[in-house]
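Chains as they are written, first to last, in my numbering: chain Z, 3 to 346; chain A, 3 to 346; chain F, 3 to 346. All C-beta atoms in this analysis are idealised placements derived from N, C-alpha and C, irrespective of residue type, glycine included. These figures come from a predicted structure and were not determined experimentally. Data first, discussion second: the structure below is written as structure tokens.
Below, the structure written as structure tokens:
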């Protein structure tokens, strides 16, 4: 697979600066790319690597290109252009349609003839797999799961009964969709189970990272809208709704019945408590706890800065005195104000 | 399955207000329930939905019922009453006893004739499954695991050698019980493994959420007592003891040898460091770090509030100056006190 | 298996104090060990258990041994000595080489005759397993995975295509190695996938805890160096490099392209943001967020202390006023200073 720089630029509606006939075979990093490889620049902190890069070409913005004599595809969205070119240069492997002889498929499942099911997968009764769906080794699809066209479950994914997955999803190993939500009622000193009767409904073009869990709803469904992107080890509790085009980084947890808007960007290890509403276009930075609804788009944070532990210990102890300090500060201001008045 | 409101009320020792003969078939939310559905009200923030609800009946407290003309089951514990009624209206599916031809069961395992083992499950030598135990697809039970009556492993659960699980447990996909605890000894610049020789012992009526991990003990056992409820993606390290009736929300982690009391409620994303003792009836709020033992029941918290990032950045920088600020405040108070004395 | 105290002491280059002929069969805790068991003491808070211990012998430091009349192996590294003695007394079970008839091994995989593959494991084309490798039940090794000698995958481990695992690794259930990194580019309102073309390369003597995830690189590889020890539920993003002999506790997450030095000790639930460099010999305490590079070895912390919630609520509200408080403090100091000057 070989393309000229010109062909690649056309593929992403970019503009060539330099040798348009230069041949590109694959992608590489600025530091290690060789003459038949293309790289990209978006993060300004890597700009200095441009000078010494041996890459055949680099995708970058017009303003970055000004300072460089390397072959360039100028793009106003270099990262998206890189994504498209990388996909073109590294096409996915072909797969073979059909059911492996070592897969266990219930006779009451409805499997498209273009779908593929690998060894060790278990498909229960009533499951429906649309065209070109691929089910990897060790996946378990419980009763009546429905998966729409072109969705891929890589390996060891578990989907509980009745959950519905849209088109072109990519679901990574260890993901669990549709396990019971955490519903427990205290009854005379004992927790008793609250039946979890809803399902999970996932839209189109969703990607779900390894070991992420999405619980089924208590009464109605948990909903993941189109083009949501979830990283690894995220926990989505029952009846959460995640709006379209929202991206969430690893290890974030969202408690029950919270509704997250569209086009939000939630960083890693964020906690979001239950029964909240988060507006569209909200960004939350790493490791924050969101304990109230957010009504206005914007960037939000919580937490304290990293310090050498010796200093941190002193400051963290003072945190417990903060309310007291504030009151003493108020008092001092009043005293001083009355002193300066009496002194006038 | 159809019940009159009267029958349902008797099932939960509640009292009917309104039409006792009204027929109920299933459950619904206040917003979406229709005339043959029953709903419930516990969270005061949903009280306003009562006015427009089309539900056939609602389970609620006597005081909430006063303000409503809808058919009601009055209960002093509406959530537990709802749980029982939902279970009655949505009985679990029947399952078939027996070993699927595509399950791999060692000939030295001892399986009750009423137990059920699904396709793709692997049962090693010495495993004992009591009556009505159900092992879902893809589960792995390593040597000598013992599982007591009526426990359900849904799918893709792994239980390492020798662990003991009590009666009526419900264990969700991706759970790992009995993996080695994190025991490493530094030996001349190299970490060497500390053998993890204990097991895991789990009581009765325990529920364990998807992808939760419970490590085996280093010498003695890790212990989960009766009626403990664990949400998804919780990490329980070696030799932890969790007291009966304690409930822990998602993504919380408990480090080694810590002992948690009975009837505790630990919120999500809480961290509890090792070798601590937490008293009975302790509540810890979301995302707190517990770094010392807690000797008194009560509610505990840590963390800082969410803010627009621009303001947060200023405040978080000041956190590093907190000890200095406290000292300067002390000094100002002294100065002012001596000034006012000298001014008298 | 029975050893005299003398034999055990020689095995760890320790020194016997007391009855060197005393026979030891197994290990136990200070509290519960009996006369044929050996225990150890390292944590000073357990020192008081020494007086009443019924252990046949205890491994401890010379200084601890001074205060005790129990049979002792004196060691300057009692924990490592314990690890070696425990391994000697509790040898791992024998396993049988060969491929279980219920494992699915592609005919184009290259499996050493001394390797072992359990029921339900799936081994795809091009996989290479070196001598004495053991693959447990339910493991999935996708195309071209290479695993070097003596490595053990316990059960339900997933390794994606082309990843390379070194010698003597121990990988626990639910681990996912080589799932796609979280690469998404925003393209006219839609996220599009950035192909993840790198792999994962893991050195020798690495242990990886249950349900930990290590993503494949975007262009180059994610790298885990020799003797790294990872606890459960850790998230390692694409292109992270973890230096040799670094140990990381449970539920920590490391974002993309961050490079962690050698001999670091990262506690549990720590978050480390992307594109950072952490020096060698850095310790980070539990639940800290590392948001900048750390250039100097040392101990680092972040976070606020646990408090009764009622007090915490007051203090946490004040956190939002911290910058304002600091400014008011500055102003007061200036006022007071000018007052005392004018008063002179």
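For residue 308/A, which of helix, strand or coil comes out of DSSP?
Translated into positions along the second chain, residue 308/A becomes position 306. DSSP places residue 308/A in coil when its eight states are reduced to three.
The stretch 82-89 of chain A in contact with the stretch 79-97 of chain F per 3-pair CB rule at 8 angstroms
no
Need the endpoints of the beta strand (DSSP E) that residue 302/F sits in, please.
For the purposes of this step, residue 302/F is identified with residue 300 of the third chain, where counting begins at 1. 300-303 is the extent of the beta strand (DSSP E) around residue 302/F.
Are there 16 or more other CB atoms within 10 angstroms of the CB of residue 318/A, so buried, or fewer, so exposed?
Numbered from 1 along the second chain, position 316 holds the residue referred to as residue 318/A. It counts as buried.
Can you name the residues of chain A whose CB is closer than 7 angstroms to the CB of residue 2/F?
With chain F covering only 3 through 346, there is no way to say anything about residue 2/F.
Mind checking whether residue 212/A and residue 239/A have CB atoms under 8 angstroms apart?
Here the question's residue 212/A lines up with position 210 in the second chain. Here the question's residue 239/A lines up with position 237 in the second chain. Not a contact, by the Cβ cut-off of 8 angstroms.
Quick check: is the beta carbon of residue 52/F nearer than 8 angstroms to any beta carbon in chain Z?
Along the third chain, read from residue 1 onward, the residue named residue 52/F stands at position 50. No, residue 52/F does not count as interfacial toward chain Z.
Proximity below 8 angstroms, CB of residue 194/F to CB of residue 29/Z:
Within the third chain, residue 194/F is the residue found at index 192, counting from 1. Within the first chain, residue 29/Z is the residue found at index 27, counting from 1. Contact: no.
Per the DSSP calculation, residue 42/F is bridged to which residue(s)?
Within the third chain, residue 42/F is the residue found at index 40, counting from 1. Note: residue 42/F sits in a beta bridge opposite 61/F.
Nearest to residue 286/Z by alpha carbon, out of 251/Z, 151/Z, 203/Z?
As a first step, residue 286/Z must be located in the first chain, where it is residue number 284. Measuring from the Cα of residue 286/Z, the nearest candidate turns out to be 251/Z.
Return the bridge partner residues of residue 136/A from the DSSP annotation.
Within the second chain, numbered from 1, the residue matching residue 136/A stands at position 134. Answer by DSSP bridge pairing, in chain order: 118/A, 154/A.
Give the interface partners of residue 233/A over in chain Z, defined as CB-CB distance under 7 angstroms, in chain order.
Along the second chain, one-based indexing puts residue 233/A at 231. Those within 7 angstroms of residue 233/A in chain Z are 184.
With a Cβ-Cβ cutoff of 8 angstroms, do residue 279/A and residue 322/F count as a contact?
As a first step, residue 279/A must be located in the second chain, where it is residue number 277. As a first step, residue 322/F must be located in the third chain, where it is residue number 320. No.
When the Cα atoms are used, what is the spatial distance from residue 301/Z to residue 320/A?
Locating residue 301/Z in the first chain gives position 299, counting from the first residue. Locating residue 320/A in the second chain gives position 318, counting from the first residue. Near 20 angstroms, if we compare the C-alpha coordinates of residue 320/A and residue 301/Z.
Can you find a C-beta in chain Z that's less than 8 angstroms from the C-beta of residue 293/F?
Numbered from its first residue, the third chain carries residue 293/F at position 291. At least one chain Z Cβ lies under 8 angstroms of residue 293/F.
Go through the stretch 156-234 of chain A residue by residue and report every complete run of the beta strand (DSSP E) that reaches 3 residues or more, in order.
186-189, 192-195, 202-204, 224-226
Between residue 150/Z and residue 173/A, what straight-line distance do the alpha-carbon atoms span, to the nearest angstrom?
Stepping through the first chain from its first residue, residue 150/Z is reached at position 148. Stepping through the second chain from its first residue, residue 173/A is reached at position 171. Going by the C-alpha atoms only, they are around 28 angstroms apart.
For a contact defined as C-beta to C-beta under 8 angstroms, what are the partners of residue 126/A on chain Z?
Position 124 of the second chain, counting from 1, holds the residue named residue 126/A. Under the 8 angstroms cutoff, chain Z gives no residues; its nearest Cβ is about 17 angstroms from residue 126/A.
Tell me where the beta strand (DSSP E) around residue 19/Z begins and ends.
Within the first chain, the letter at position 17 stands for residue 19/Z. 17-19 is the span of the beta strand (DSSP E), which, as asked, contains residue 19/Z.
So is residue 250/Z in contact with chain B if we call contact Cβ pairs under 8 angstroms?
Although the question refers to chain B, the structure presented lacks it and instead comprises the protein chains Z, A and F.
Would you tell me roughly how many angstroms separate the C-alpha atoms of residue 346/F and residue 324/F, rounded to the nearest one?
As a working mapping, residue 346/F is identified with position 344 in the third chain. As a working mapping, residue 324/F is identified with position 322 in the third chain. Confidence in residue 346/F is poor, its pLDDT being 49 and thus under 50, which makes the residue's placement unreliable; the coordinate value appears in the next sentence. Taking the straight line from one Cα to the other gives about 33 angstroms.
Residue 23/A (DSSP reduced to helix, strand or coil):
By 1-based counting over the second chain, the position of residue 23/A is 21. DSSP places residue 23/A in coil when its eight states are reduced to three.
Using a Cβ cut-off of 7 angstroms, which residues of the stretch 244-278 of chain Z contact any Cβ in chain F, in chain order?
247, 249, 251, 252, 253, 270, 271
Could you tell me if residue 45/Z is buried or exposed, where buried requires 16 or more neighbouring beta carbons within 10 angstroms of its beta carbon?
As a position in the first chain, residue 45/Z is number 43, starting the count at 1. When all chains shown are included, residue 45/Z counts as exposed.
Only counting the same chain, and skipping five residues up and downstream in sequence, which positions put a Cβ closer than 7 angstroms to that of residue 176/Z?
The count along the first chain starts at 1 and reaches residue 176/Z at position 174. The answer, listed in chain order, is 158, 212, 213.
What does residue 334/Z touch in chain A if you count any residue whose Cβ is under 9 angstroms from its own?
Here residue 334/Z refers to the residue found at position 332 of the first chain. Near residue 334/Z (Cβ distances below 9 angstroms), the residues of chain A are 331, 334, 335, 338.
Are the C-beta of residue 346/F and some C-beta of chain A separated by less than 8 angstroms?
Start at 1 with the first residue of the third chain, and residue 346/F comes out as number 344. Because the pLDDT at residue 346/F is just 49, under 50, the model does not fix this residue reliably, and the point stays unresolved.
Does the stretch 86-105 of chain F come within contact of the stretch 95-102 of chain Z, defined as at least 3 CB pairs closer than 8 angstroms?
no
Listing by chain order, which chain Z residues have their CB less than 7 angstroms from the CB of residue 306/F?
Position 304 of the third chain holds residue 306/F. Correct list: 306, 318, 321.
What does residue 289/A reach in chain Z if we use C-beta pairs closer than 8 angstroms?
Locating residue 289/A in the second chain gives position 287, where the first residue counts as 1. Near residue 289/A (Cβ distances below 8 angstroms), the residues of chain Z are 273, 291.
Between residue 253/Z and the rest of its own chain, which residues show a CB-CB distance below 6 angstroms, the 5 nearest in sequence each way excluded?
Here residue 253/Z refers to the residue found at position 251 when the first chain is read from its first residue. 235, 270, 271, listed in sequence order.
CB contact below 8 angstroms: residue 309/A versus chain F:
As a working mapping, residue 309/A is identified with position 307 in the second chain. Residue 309/A counts as touching chain F.
Close Cβ partners of residue 121/Z (< 7 angstroms) along its chain, the five nearest in sequence each way excluded
For the purposes of this step, residue 121/Z is taken as the residue at position 119 of the first chain. Once the five neighbours on either side are set aside, the close Cβ partners of residue 121/Z are 102, 104, 105, 139.
Range of the contiguous alpha helix (DSSP H) that encloses residue 87/Z:
To locate residue 87/Z, count along the first chain from 1; it is residue 85. Residues 80-91.
Can you name, in chain order, every residue of its own chain whose Cβ lies under 8 angstroms from the Cβ of residue 185/F, other than the five neighbours on each side?
As a position in the third chain, residue 185/F is number 183, starting the count at 1. Contacts found: 195, 196, 197, 198, 220, 240.
Are the CB atoms of residue 26/F and residue 67/F within a distance shorter than 8 angstroms?
Here residue 67/F refers to the residue found at position 65 of the third chain. Here residue 26/F refers to the residue found at position 24 of the third chain. No, the pair does not count as a contact, with Cβ atoms beyond the cut-off.
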